[in-house]
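**Q** Protein chains in written order, with the numbering used here: chain A, 89 to 224; chain B, 89 to 224. Let me give you the structure first, and then I'll get to my questions.
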DNA sequence: TTTTAGTTCATACTAAAGTACCAAAATGGT
DNA sequence: ACCATTTTGGTACTTTAGTATGAACTAAAA
């Protein structure tokens with residue numbers, strides 16, 4: 089919230105500066121009107137894209153973003169997470185091993201640890217829980 | 089694709105008109121420079137919001153809807169689809185059987201048929217493919 | 001009515017997945 | 001250098017998943 093207010097404050101300040109600058113530039117004839125219009129257009133286009141992205145993020149995209157903090161809270165290691173990604177891609181333990189250049193035994197160890205950390209009985213359940221927790 | 093080209097064509101046309109109008113208005117002194125800048129700003133802000141919304145829709149909202157037509161095209165039966173849902177919920181064959189009031193054998197039959205229809209080797213791969221095809 | 005597709009279930013089998021336990025390297029911070 | 005954690009991988013085992021095949025029943029379509 090504080091961040092939002094700060095951003096909007098800076099934005100308004102920048103716009104006022106731009107406004108004054110364009111008037112000054114016009115009067116002193118340093119810049120052509122086309123250039124000024126182009127600058128205004130680009131700036132406001134960018135603001136439109138930015139504002140829209142922000143507001144959509146809050147409502148629709150939450151489920152698309154990965155909660156890295158939760159991964160750490162669950163004490164899931166790097167390698168375990170890579171294995172989880174492999175599972176979500178529908179790979180077998182052997183295939184995950186080939187992808188990560190380790191043996192199938194190693195993958196099984198990671199999977200087993202992953203399941204207990206996610207409190208899952210099966211890899212499919214792990215996927216469902218991981219999606220629910222927004223870590224994949 | 090054709091639609092996109094049409095929209096962009098009209099957009100460019102509208103901008104050119106706006107451009108010429110602003111120059112004319114300035115020369116003839118009918119409008120103040122502040123008003124023109126404000127119009128440009130509002131128009132480009134709206135364009136920014138519009139473009140952004142369109143591009144986000146294509147990526148995130150389509151994937152939320154189930155393609156029932158594709159399910160029929162793949163010749164996936166009612167019961168097989170119910171089993172697929174069970175798989176996506178992370179259930180074992182036994183648990184799916186309990187949920188649908190059939191034996192584990194029956195579930196295995198459905199799963200096996202489902203895998204060949206989805207061209208998958210494992211249930212996790214079936215999930216990945218089904219998501220890709222937007223049937224779950 | 002015969003056919004077709006879907007659902008059900010069983011047996012017997014093979015292949016993966018998952019658990020339990022152990023142990024050796026590698027890594028990273030204090 | 002030392003400690004804690006991660007990563008690795010093995011053996012032995014149990015459980016679950018998946019295949020192949022055959023068969024019975026149902027409902028709807030031809």
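Just so you know, even glycine gets a beta-carbon here, dropped at the ideal spot from N, CA and C.
Is it buried or exposed, residue 207 of chain A, if we count other Cβ atoms within 10 angstroms and call 16 or more buried?
**A** Locating residue 207 of chain A in the first chain gives position 119, where the first residue counts as 1. By the 10 Å Cβ count, residue 207 of chain A comes out exposed.
**Q** Please report whether the beta-carbon of residue 135 of chain B lies at a distance below 8 Å from any beta-carbon of chain A.
**A** Position 47 of the second chain, counted from the start, is the residue given in the question as residue 135 of chain B. For residue 135 of chain B, the answer is yes, since a Cβ of chain A falls inside 8 Å of its Cβ.
**Q** Measure how close the beta-carbons of residue 109 of chain B and residue 129 of chain A come, nearest whole angstrom, since I'm counting them as under 8 Å.
**A** As a first step, residue 109 of chain B must be located in the second chain, where it is residue number 21. As a first step, residue 129 of chain A must be located in the first chain, where it is residue number 41. In fact, because the Cβ distance is near 14 Å, the residues do not count as touching under 8 Å.
**Q** Do residue 211 of chain B and residue 175 of chain B have their CB atoms nearer than 8 Å?
**A** In the second chain, counting from the first residue as 1, residue 211 of chain B sits at position 123. In the second chain, counting from the first residue as 1, residue 175 of chain B sits at position 87. Against a cut-off of 8 Å, the Cβ pair of residue 175 of chain B and residue 211 of chain B comes out as a contact.
**Q** Specify the secondary structure class of residue 150 of chain B as computed by DSSP and reduced to three states.
**A** For the purposes of this step, residue 150 of chain B is taken as residue 62 along the second chain, with counting starting at 1. For residue 150 of chain B, the predicted model reports a pLDDT of 49, less than 50, meaning its position is unreliable; a value from the coordinates is still stated below. Note: residue 150 of chain B maps to helix in three-state DSSP.
**Q** Under DSSP, the alpha helix (DSSP H) around residue 184 of chain B begins and ends at which residues?
**A** Here residue 184 of chain B refers to the residue found at position 96 of the second chain. Looking at the DSSP string, the run of the alpha helix (DSSP H) that includes residue 184 of chain B is 181-188.
**Q** For residue 215 of chain B, which option in B/189, B/170, B/160 has the closest C-alpha, if you only look at C-alpha atoms?
**A** As a position in the second chain, residue 215 of chain B is number 127, starting the count at 1. The option with the nearest alpha carbon to residue 215 of chain B is B/170.
**Q** For a contact defined as C-beta to C-beta under 8 Å, what are the partners of residue 128 of chain B on chain A?
**A** As a working note, residue 128 of chain B is residue 40 in the second chain. Per Cβ cutoff of 8 Å: 125, 128, 129, 132.
**Q** Among the candidates B/97, B/218, B/98, B/100, whose CA atom is the shortest distance from the CA of residue 161 of chain B?
**A** Position 73 of the second chain, counted from the first residue, corresponds to residue 161 of chain B. If we check each option's Cα against that of residue 161 of chain B, B/218 comes out closest.
**Q** Is residue 158 of chain A close to chain B? Criterion is C-beta to C-beta, closer than 8 Å.
**A** As a position in the first chain, residue 158 of chain A is number 70, starting the count at 1. Not closer than 8 Å to any Cβ of chain B, the Cβ of residue 158 of chain A fails to qualify, so no.
**Q** Applying the criterion that 16 or more other CB atoms from any shown protein chain within 10 Å of the CB defines a buried residue, is residue 123 of chain B buried or exposed?
**A** For the purposes of this step, residue 123 of chain B is identified with residue 35 of the second chain, where counting begins at 1. Burial call: exposed.
**Q** Starting from residue 214 of chain B, follow the alpha helix (DSSP H) in both directions and report where the run begins and ends.
**A** Within the second chain, the letter at position 126 stands for residue 214 of chain B. Per DSSP, residue 214 of chain B belongs to the alpha helix (DSSP H) from 211-220.
**Q** CA-CA distance, residue 224 of chain B and residue 173 of chain B?
**A** The residue given as residue 224 of chain B occupies position 136 in the second chain. The residue given as residue 173 of chain B occupies position 85 in the second chain. Roughly 7 Å separates the two Cα atoms.
**Q** Rounded to whole angstroms, what's the CA-CA distance from residue 164 of chain A to residue 199 of chain A? Just pull it up for me.
**A** The sequence position of residue 164 of chain A within the first chain is 76, counting from 1. The sequence position of residue 199 of chain A within the first chain is 111, counting from 1. Using only the alpha carbons, I get a separation of about 11 Å.
**Q** What residue range does the alpha helix (DSSP H) around residue 170 of chain B cover?
**A** Position 82 of the second chain holds residue 170 of chain B. Looking at the DSSP string, the run of the alpha helix (DSSP H) that includes residue 170 of chain B is 166-176.
**Q** Would you list, in chain order, the members of the region 193-222 of chain A that have their beta-carbon closer than 9 Å to a beta-carbon of chain B?
**A** So the close ones are 208, 209, 210, 211, 212, 213, 214, 215, 216, 217.
**Q** Assign residue 181 of chain B to buried or exposed, taking buried as 16 or more other Cβ atoms, counted over all protein chains shown, within 10 Å of its Cβ.
**A** The residue labelled residue 181 of chain B in the question sits at position 93 within the second chain. With 16 or more other Cβ atoms within 10 Å, it is buried.
**Q** On a Cα-Cα basis, can you pick out the residue from A/201, A/167, A/139 that is closest to residue 189 of chain A?
**A** Residue 189 of chain A sits at position 101 when you count from the first residue of the first chain. Looking at the Cα atoms, A/167 is the closest of the given residues.
**Q** For residue 205 of chain A, collect the residues of the same chain with a Cβ closer than 7 Å to its Cβ; drop the 5 residues on either side in sequence, then sort them by chain order.
**A** Here residue 205 of chain A refers to the residue found at position 117 when the first chain is read from its first residue. Result list for residue 205 of chain A: 162, 163, 164, in chain order.
**Q** Return the Cβ separation of residue 222 of chain B and residue 154 of chain B in integer angstroms, given the expectation that the two are a contact with Cβ distance under 8 Å.
**A** Here residue 222 of chain B corresponds to residue number 134 of the second chain, with the count starting at 1. Here residue 154 of chain B corresponds to residue number 66 of the second chain, with the count starting at 1. Yes, residue 222 of chain B and residue 154 of chain B are in contact; Cβ-Cβ is about 7 Å, under 8 Å.
**Q** Which residues in the same chain have their Cβ closer than 7 Å to the Cβ of residue 194 of chain A, if we skip the five residues on either side of it in sequence?
**A** Start at 1 with the first residue of the first chain, and residue 194 of chain A comes out as number 106. Excluding sequence neighbours, residue 194 of chain A sits near 185.
**Q** Using beta carbons (cut-off 8 Å, strictly below), is residue 173 of chain B in contact with chain A?
**A** Position 85 of the second chain, counted from the first residue, corresponds to residue 173 of chain B. No, no contact with chain A.
**Q** Looking at the structure shown, is residue 161 of chain A part of a helix, part of a strand, or coil, going by DSSP?
**A** Position 73 of the first chain, counting from 1, holds the residue named residue 161 of chain A. In the structure shown, residue 161 of chain A sits in a helix (DSSP, three-state: H, G or I).
**Q** Once DSSP output is grouped into helix, strand and coil, what is the label at residue 191 of chain A?
**A** If you number the first chain from 1, residue 191 of chain A lands on position 103. Three-state result, residue 191 of chain A: coil.
**Q** Report the neighbours of residue 178 of chain B on chain A: residues whose CB is nearer than 9 Å to its CB, in chain order.
**A** Here residue 178 of chain B refers to the residue found at position 90 of the second chain. Chain A residues near residue 178 of chain B: 208, 209, 210, 211, 212, 213, 214, 215, 216, 217.
**Q** List, in chain order, every chain B residue whose beta-carbon is nearer than 9 Å to that of residue 139 of chain A.
**A** Residue mapping note: residue 139 of chain A aligns to position 51 of the first chain, counting from 1. What residue 139 of chain A touches in chain B: 133, 136, 137, 140.
**Q** Mind checking residue 159 of chain A: buried by the 16 CB within 10 Å criterion, or exposed?
**A** If you number the first chain from 1, residue 159 of chain A lands on position 71. So residue 159 of chain A ends up on the buried side.
**Q** Apply the 10 Å Cβ neighbour rule to residue 104 of chain A and answer buried if 16 or more other Cβ atoms are within range, or exposed otherwise.
**A** Taking the first residue of the first chain as position 1, residue 104 of chain A is located at position 16. Exposed.
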